[in-house]
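Number of protein chains: 4
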Amino acid sequence: MSDQPPSDPVCWFDPHEDRLREECGVFAISGTPEAAVLTALGLHALQHRGQEGCGIATYDGARFHHERHLGLVGDSFTQADLPQRLPGTSAIGHVRYATQGGTILRNVQPLFADVAGGGIAIGHNGNITNARMLREMLVETGAIFQSTSDTEVVLQLIARSRAPRLVDRVRDALRDVEGAYALVCLTHQGVIGARDEQGIRPLVLGRLSGAPVLASETCALDMIGAAFEREIEPGEIVLCHDDGRVESVRRGTSYRPARPCAFEFVYFARPDSIVQGRSVYSVRKRMGIRLAQESRPEADVIVPVPDSGVPAALGFSEASGLPYELGIIRNHYVGRTFIEPTQVGRTIGVRRKHSANRGVLEGKRVVLVDDSIVRGTTSRKIVQMVRDAGAAEVHLRSASPPILWPDFYGIDMPDREQLFAATHSIEEMAAAIGCDSLQFLSVDGMYWAFSGAVRDDQAPQYSDHCFTGDYPTRLVDRDRAQADKDMQLSFLVDA
Amino acid sequence: MSDQPPSDPVCWFDPHEDRLREECGVFAISGTPEAAVLTALGLHALQHRGQEGCGIATYDGARFHHERHLGLVGDSFTQADLPQRLPGTSAIGHVRYATQGGTILRNVQPLFADVAGGGIAIGHNGNITNARMLREMLVETGAIFQSTSDTEVVLQLIARSRAPRLVDRVRDALRDVEGAYALVCLTHQGVIGARDEQGIRPLVLGRLSGAPVLASETCALDMIGAAFEREIEPGEIVLCHDDGRVESVRRGTSYRPARPCAFEFVYFARPDSIVQGRSVYSVRKRMGIRLAQESRPEADVIVPVPDSGVPAALGFSEASGLPYELGIIRNHYVGRTFIEPTQVGRTIGVRRKHSANRGVLEGKRVVLVDDSIVRGTTSRKIVQMVRDAGAAEVHLRSASPPILWPDFYGIDMPDREQLFAATHSIEEMAAAIGCDSLQFLSVDGMYWAFSGAVRDDQAPQYSDHCFTGDYPTRLVDRDRAQADKDMQLSFLVDA
Amino acid sequence: MSDQPPSDPVCWFDPHEDRLREECGVFAISGTPEAAVLTALGLHALQHRGQEGCGIATYDGARFHHERHLGLVGDSFTQADLPQRLPGTSAIGHVRYATQGGTILRNVQPLFADVAGGGIAIGHNGNITNARMLREMLVETGAIFQSTSDTEVVLQLIARSRAPRLVDRVRDALRDVEGAYALVCLTHQGVIGARDEQGIRPLVLGRLSGAPVLASETCALDMIGAAFEREIEPGEIVLCHDDGRVESVRRGTSYRPARPCAFEFVYFARPDSIVQGRSVYSVRKRMGIRLAQESRPEADVIVPVPDSGVPAALGFSEASGLPYELGIIRNHYVGRTFIEPTQVGRTIGVRRKHSANRGVLEGKRVVLVDDSIVRGTTSRKIVQMVRDAGAAEVHLRSASPPILWPDFYGIDMPDREQLFAATHSIEEMAAAIGCDSLQFLSVDGMYWAFSGAVRDDQAPQYSDHCFTGDYPTRLVDRDRAQADKDMQLSFLVDA
Amino acid sequence: MSDQPPSDPVCWFDPHEDRLREECGVFAISGTPEAAVLTALGLHALQHRGQEGCGIATYDGARFHHERHLGLVGDSFTQADLPQRLPGTSAIGHVRYATQGGTILRNVQPLFADVAGGGIAIGHNGNITNARMLREMLVETGAIFQSTSDTEVVLQLIARSRAPRLVDRVRDALRDVEGAYALVCLTHQGVIGARDEQGIRPLVLGRLSGAPVLASETCALDMIGAAFEREIEPGEIVLCHDDGRVESVRRGTSYRPARPCAFEFVYFARPDSIVQGRSVYSVRKRMGIRLAQESRPEADVIVPVPDSGVPAALGFSEASGLPYELGIIRNHYVGRTFIEPTQVGRTIGVRRKHSANRGVLEGKRVVLVDDSIVRGTTSRKIVQMVRDAGAAEVHLRSASPPILWPDFYGIDMPDREQLFAATHSIEEMAAAIGCDSLQFLSVDGMYWAFSGAVRDDQAPQYSDHCFTGDYPTRLVDRDRAQADKDMQLSFLVDA
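Protein chains in written order, with my numbering: chain A, 5 to 499; chain B, 5 to 499; chain C, 5 to 499; chain D, 5 to 499.
See the structure below:
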């Protein structure tokens, strides 16, 4: 163990401010020896969903054990004493990516609490859109909150249910919750998994020699050699018993149609994961194929923005017949932000992560393929770097449609005023980025890549709100905040 | 900030186990620039009350700021960026000594929570004797507990009060609480201080250029140059406003007589502190004077067990006319437990902390004076070391009476079965320790040293339960545990 | 600065054991403000050449400044106080990869010493093949050695030269040295660069606004925006003055023909670097093109072993007309070795770094392309993983010839007895790896990819000894060790 | 082992600057199991001689093992794996106190080097007064220096000797060395101890079950239960064989009279150590007795400046008949320098270490007894603190004579221009300190306390140069520096 005194400095955020938004991955297993070791491996496979913090909780039949750390799974949960530190036959784990205010240990999950009915550890991916309302209601009636996370709201709701079993309390709690989430809980009565009613956030069920496994993505099952069984259905709550039985406490017969998150295909999920029966890698390649059909420029070479643009660029190359080349090399040792020398030009920042491969760019008309364009700042730097390396023309292609609306379900994204595509025309964007042409995949093209179908505008098959503004759930907290603002404005107007 | 990923490993204790018992020190200041810096200095002066962890919370008029660390104040709160890290004009701080299970960051104080009425940070010295009962009741009605500390019980009670001001909620909460405590709280409405009804744990009020200061001991006031004003009365709750007003929300007109803790004089308090108007150093010297009168042996030299035995040894020397010599030297660089070589004798452990000064011991009849004798193991090693250095005789004197009963108010002490004096006669103790004679100060002698008065057995003036078994409060949790055991036994008997 | 007490534990290696072998990268700049910042950026670009330790030395016109750290450049040399910590207008830097016995700080470079003529810091990439002989000679005549590194041998030789200028002392020292090296030195008379007589290890010269820059690869020039000027010639020693003059102290008119290291093309150099006028990426692609021509199997898909196999796989795909797919996904968060669960199969180790992309492998005849095969253990695991993902056939292709001989010039490689290709036929290797077919690029094919020419067996154009056994230098230490062994054997035979 | 990347930042000092001066302690043991454990305990007992860094080297019959750390022995050498980390039956250790420029790991001892004849580790307490001259001579003839420490000079001299055994090489090396030192060396031929010709720095020999032990002070022997045998004689060099034989390679028949350092009695040595047959504690008490005889003021109470003034204050109290009281309390948790609040008075700095015990000071005429007065700044703050606590008069007494001359033998002391007593009359000093009277012990009084004898001015029995200016050795480097300055001045005058 470390000799360094750990510390937990925190600036307590004003409760009227926005909560931290976060991407995360969850994992759980029950009824197996080495539960903590398998959970560490599963979290390692989910590391791309969150690198800021990680935690594991286990239950050994008598006691709970719990560790949380800042940093990577591979730095904290690899030692040979892990089974001693975290004994038990069931476990849940969590990786977390925090986007605001620095990461602090108290917000790292799983959280643990003693509630009526026993101890419960909980790990959560997603965002609850009425969390602030629920929090205010709970505080009003005597609850104390020790963190700013949505997860503590869920814990408080669980604690207030009068149902006999903890899994039933979880069911009661989730009735009040609006939003997008995939949850795993550890109790003395078994491991619980739950997914929001429209299945916005992903959660899959697998088996390792009979032991049930829950994970955000199938790649975590592959890592430990578990077989994929099925996705947890939207709105479903399962209780995984130690003997391997998986009891579906609430069937996923939701009154709302399922709308899984489009961004899992676009960016989040690992390319080797299977989401809704489809290979993420193949879907991304199809996005590139369709993109080429929609917007093929006269050019000499297709170059991906590594690594997220690679599958789409391969598809683009295949469909366009233009050669695919590694025109940009990724530096794997990124580390922290360096101080920049004052005398050296403006593209040094991007060069720390990427470098131009001059040999394949010089004198060429280059098509740069990226998975998406959010703020446009990175695109501008990469285009400049490619030009500096001698490219004759640079045509930028985004393998997803323009992002016009913010997300409220756990994806870190700027406010609408800062979304590049929401505030600029395509021509303005191209000019700002400095490319010779800019094209995005169409929404229909994206749906084709996802499933071969077109978008049903009456009942969209995916949570595509970032591209369409069509949000799958009520946005309670946002609407209340807006109402407050409007009221203030009306007062001002009246006065 | 540290580059080291902090971590928070925890084994979640069985709720049916004993809580962690702890010694602590608290400090608070309101309405002054540099509140965090002054709090750091104040905590440094209280460091003898707890070395395992420390924390500071501040309020800057809009937000709370909060840091907790393992280790010493001087390792965590000395840097020049402290006013930036912890801005604000009011602050509370805490030092903590944990005795069981290793220290973990989540139990370091102040704790912070959002409750109805606003944010509240709380630091606590003492022990609540009905904490387990309250905790069970709270969990029953929907509370979640994220730590094992008594302090979270108080937070939950505060959250459930319906009183309008936070200070009134604190008052409501403390009505339900039995035990010994000194509390400081930080709110947006001011700094709150509270002391248990019999004033068992200490809390004093001072002023620094008009700004109110609360501290466990006067030495913390001296450190920052604050003037001592008065002790917080038993049962009193004060609200220190930012403008310097100290509002006594509940007057200390307790229905129970005050009984401050005798152990503050015996061991805890720093010798330069003033407790109840008396210099701790002088009281300890008087204990030595009386001890000499009660049990002066034929001897050549008086030797203190450093450092806690020094004042009493000076008094013993003065009263007995025997010369005072530093026969035992204390090593200031104690550090961690060393591995012991197998071939070297049995006193190596004690030698790491103390060494015999052979020149003043050889051939002498030595009187060793210590402040108290708890387990007897250290005494045995020191006596052996003094004998090894050539002492002709070793007479051990304890400047406090035999410890016959466990404490339930925050002092770390073994169970009755392990208390040396509770299970051995004085002759058996002397034999086990290996000294030529052994004497303890009488209870009356202790009272004389404290105040010149004798003990009023109907209404003892001090919490002297460790020596007398006369506990000042109900021991709710202990009695319930005992009742459970008795019931189990009666079942066994019946069956 | 870190609060953690740094430490330097070391087991002092038996001088009769083998020295540590190491890969490294060097960088130097002179006559520019922000020399340390530019050096940090340059080292970051060379990070792929060594991740275990890094160091920078600067000279500010009066004093030398020096920092060495374990770990990545991005963890140690990025802070805003770097110009204060390491002031000066000239600097050298080093990244290091240690292969044996754990990394210890004392072996991290640059080394610094006071020698006759002034202070000198030195950073070194390569290996000296008569280092042990020189070391014994130096110790014999009164030298003390405080590390096990070859670099200290060079320092001692520099110290013994009687030449007036430090650069001339370096020249004198290198006269005695046999082997492969690229050196950078920092002195009060300027920055010195030197390359071994056959140019085995690389060193290039660039300019940043007139300031001379030395680096192991051109990618470090690109990082800071410096223009490439030329390679340092084999055997050349340059002195870079603060005013920008580059004085060639010893012209590279070597009596031995240049033989740059083939492995820079095969594996070491970053793909965007230019080595000997050729793009490393393009050369690697040509290796794949030629490999396809030499050994195209009947197959469905070309899959690279990421990331080093990617350019060759692209060339193989282009030449074979078979589609290129990312059938193996690399995990970027590798971290430390995890403990492996006992119940899970044998391929878990490789899955931490790579995962199979089942969608593009299932039912396919797969051609796996890797840059080289050293021990065969990784190949075996990857082939198994690809089979587990459903591949119908797996054909393994190595884009370089079989490695039959060990390296003695700074590349970490096993002894001949452990070299897979040196001890197995191709059929045995294929069987051990478990692939359906196995082919290596021919030596002629490699030469074609390098330069379009064929190998001149009388005067090979490259240091290709690992493939051919044709070593470019004398191996003094190895031969002496062999002679010792032989003599012992002959004694045994005689006896 | 620590996960934290250790680092070794260094500003390389101008060789024309003064070397680091340092206090140190050394320990060695040979021919015993658990050599490293015993050495760690011995160093712990010597921790008062140096707290900045510590190191241990061991030899296991085949290899050397070596660890050095910043910080306390108790933080680095206590773990249960110590015998595995540092195996062997002989060991040497070192604790170090650095006074300038921050401590860096490279200057922590023991140093290790390969020299002709084998490996050698060396630890050193003291200072070599011709080190700079020797260093220049060695560099001139080809030596390289990797640190600024005197110890490396000794290593280089050892390396150049042609004597057959390492102990004879040490003897040859020390012939050229002028100054004050106690050395321990570890070689494959045994443990070597050496003391300068006049025995200025201390070194004692003890036995633990037959195994020879060397240590700076007897308290280190007591710690491990070893019996004291004798002091190493001035000028003596011993070789401790693994079988317990102690061979005196050079008898201490020095041509110069022994002059042990007076400051060991005054300040350095631990009070329970025996130096030259006398208890340090008793000598210090005698200094207080004589001080009272020389300068007893009218006063009410004797108060020591803790902890170093305690024995003299006890002696002063005994001789004067005035009561001894702990008027100043020492804070044991000093830690780093705190930031000071701007609004609080000037004595806060001293309060972090000491606090006034008002109860025994108020209204009293106080005699403050300290061991010595160097710069006067601390005295001024303590006197002010005592006055602030209500003392009616403050009389300061120094238990050693005025310090008028700098030390050149390893004691950290300011230049003559900054020595308080060298630049002020006693009246000026008292005024600057703010005390009512100030007196120092006389040199004759000090001699009486040491041995009962008077000073032989022709052949002083102690190295008392700080008080008398009578240096025991030539000050080669200082005189050469002075000569350089004089020559420059004469040039200036001539011109």
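All C-beta atoms in this analysis are idealised placements derived from N, C-alpha and C, irrespective of residue type, glycine included.
Asked, Found
"Neighbour flag for A:Gln-462 against chain C, beta carbons, 8 Å", "no"
"Residues near D:Asp-7 by beta carbon distance below 8 Å, same chain, minus five either side", "With a pLDDT of only 33 at D:Asp-7, under 50, the local geometry of the prediction cannot be trusted, and the value read off the model is given with reservation. Result list for D:Asp-7: empty, nothing under 8 Å."
"Chain B residues whose Cβ lies nearer than 8 Å to that of A:Leu-159", "Ile-148"
"Same chain only: Cβ atoms within 8 Å of A:Arg-391, ignoring 5 sequence neighbours per side", "Val-398 and Gly-438"
"Nearest-angstrom Cβ-Cβ length linking C:Ala-303 and C:Ile-241, presumed shorter than 8 Å", "Not quite, the Cβ-Cβ distance comes to about 51 Å (not below 8 Å), so this is no contact."
"Cross-strand partners of D:Gly-59 (DSSP beta bridge)", "D:Arg-72 and D:His-98"
"Per-residue contacts from D:Ile-333 into chain B (C-beta, under 7 Å)", "Arg-274, Pro-275 and Asp-276"
"Under the three-state DSSP convention, the category B:Gln-104 falls into", "With a pLDDT of 41 at B:Gln-104, under the threshold of 50, the predicted position of this residue should be treated as unreliable, and no value is reported."
"Counted within 10 angstroms of its Cβ, other Cβ atoms place B:Glu-268 as buried (16 or more) or exposed", "buried"
"Inter-stretch contact (C-beta, 8 Å, three-pair minimum) for the stretch 368-386 of chain A and the stretch 404-414 of chain A", "yes"
"Proximal residues to D:Leu-408 (C-beta, below 6 Å), its chain only, five neighbours per side dropped", "Ala-425 and Ala-426"
"Counterpart residues of A:Ser-34 in DSSP-defined beta bridges", "A:Ser-94"
"Below-8 Å beta-carbon distance, B:Gln-51 vs any chain D residue", "yes"
"Through-space distance from C:Leu-372 to C:Pro-308, alpha-carbon basis", "6 Å"
"Residue-level contact to chain C via CB, D:Arg-379, 8 Å cutoff", "no"
"Cross-chain neighbours of C:Arg-169 in chain D, by beta carbon under 8 Å", "Going along chain D, no residue has its Cβ under 8 Å from C:Arg-169, so there is no contact; the nearest lies around 16 Å."
"D:Gly-229, buried or exposed, once every other Cβ within 10 Å from all chains shown has been counted against 16", "buried"
"Classification of B:Val-458 by the beta-carbon crowding that lies within 10 angstroms, buried from 16 upward", "exposed"
"Through-space distance from C:His-336 to A:Arg-300, alpha-carbon basis", "32 Å"
"Exposure of D:Arg-290, with buried meaning 16 or more beta-carbon neighbours within 10 Å", "buried"
"Counterpart residues of D:Gln-443 in DSSP-defined beta bridges", "D:Arg-401"
"8 Å Cβ cutoff, A:Phe-342 in contact with chain B", "no"
"Short CB-CB distance (under 8 Å) between C:Arg-484 and chain D", "no"
"Pair within 8 Å by beta-carbon distance, A:Val-364 and A:Glu-329", "yes"
"Residue interval of the beta strand (DSSP E) (run including A:Gly-78)", "It is not in any beta strand (DSSP E) - A:Gly-78 instead sits in the alpha helix (DSSP H) that spans 77-80."
"Proximity test, Cβ basis, 8 Å: B:Cys-223 and chain D", "yes"
"Within 8 Å, strictly: CB atoms of C:Gly-414 and C:Glu-27", "yes"
"Residue-level contact to chain C via CB, A:Tyr-101, 8 Å cutoff", "no"
"Proximal residues, the stretch 354-374 of chain B versus chain D, C-beta separation under 9 Å", "Arg-355, Arg-356, Ser-359, Ala-360, Asn-361, Arg-362, Gly-363 and Val-364"
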